[in-house]
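Visitor: If you scroll down you'll find the structure; I have some questions about it.
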Amino acid sequence: MHKTQGLQQHPRLALAKTSTITAPVVCHHCEEAPCLQVCPVNAISQRDDAIQLNESLCIGCKLCAVVCPFGAISASGSRPVNAHAQYVFQAEGSLKDGEENVPPQHALLRWEPGVQTVAVKCDLCDFLPEGPACVRACPNQALRLITDDSLQRQMKEKQRLAASWFANGGESPLSLTQEQH
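Heads up, the sequence shown is in UniProt numbering, so the first residue is 1 and it goes up one at a time.
Shown next as structure tokens:
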């Protein structure tokens, strides 16, 4: 989807999984975003309370990924269209006597010849009129895109329910409405 727009094809939505839950790792659009402050080329900007990342300006320094408190920025790279299909790198020897395998590196330390690495993060597929592809593709319909107005309405409803909980002497307003029906 993103590749057709000239962007990295790396998935924008990362998932954190435990034995009991799976949750999306998303940008929290911080007010004083550390990623915005450390970017040496201004590839990250803040518009309409949203943190935007311009991949075409990114130099791949990975500072933004290091300072993001939520792990929402990752490094990704793909080969230029006219690059050789495979680069071969043969080390003259091993790192240690008898050791043939190099241990896997952390994602931020990976490097591949011929691949330009840039920072990527969820952009809510802002180039698609129908909205984020992940919301439409989620098999369990666990992802939703909500507006600020919808979020405000939900918060006010929760506040109203909490106030009625106190007004009813600590009894859940949900159980009261269920008893009345």
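Glycine residues also receive a C-beta, built at the ideal position from the N, C-alpha and C atoms. Remember, it's a predicted structure, so these values are computed and weren't measured experimentally.
Could you give the residue range of the beta strand (DSSP E) that holds residue 45?
Guide: The residue given as residue 45 occupies position 45 in the sequence shown. Here the beta strand (DSSP E) through residue 45 covers 44-47.
Visitor: Name, in chain order, the residues that DSSP records as bridge partners for residue 76.
Guide: Translated into positions along the sequence shown, residue 76 becomes position 76. Per DSSP, 118.
Visitor: Please look up how many angstroms separate the CB atoms of residue 33 and residue 51, rounded, as I've assumed it's under 8 Å.
Guide: Here residue 33 is taken as the residue at index 33 of the sequence shown, counted from 1. Here residue 51 is taken as the residue at index 51 of the sequence shown, counted from 1. Rounded, the Cβ-Cβ distance is 5 Å, consistent with contact.
Visitor: Contact defined as beta carbons within less than 8 Å: I believe residue 164 pairs with residue 120. What is the distance between those atoms, to the nearest angstrom?
Guide: The residue given as residue 164 occupies position 164 in the sequence shown. The residue given as residue 120 occupies position 120 in the sequence shown. In fact, because the Cβ distance is near 44 Å, the residues do not count as touching under 8 Å.
Visitor: Taking Cβ positions, are residue 143 and residue 124 nearer each other than 8 Å?
Guide: As a position in the sequence shown, residue 143 is number 143, starting the count at 1. As a position in the sequence shown, residue 124 is number 124, starting the count at 1. Their beta carbons are not under 8 Å apart, which means residue 143 does not touch residue 124 by this criterion.
Visitor: Which residues in the same chain have their Cβ closer than 6 Å to the Cβ of residue 141, if we skip the five residues on either side of it in sequence?
Guide: Locating residue 141 in the sequence shown gives position 141, where the first residue counts as 1. Once the five neighbours on either side are set aside, residue 141 has no close Cβ partner at all.
Visitor: Quick one: give me the first and last residue of the alpha helix (DSSP H) that residue 69 is part of.
Guide: Taking the sequence shown and counting its residues from 1, one reaches residue 69 at position 69. Note, residue 69: premise wrong, no alpha helix (DSSP H); not H, not E.
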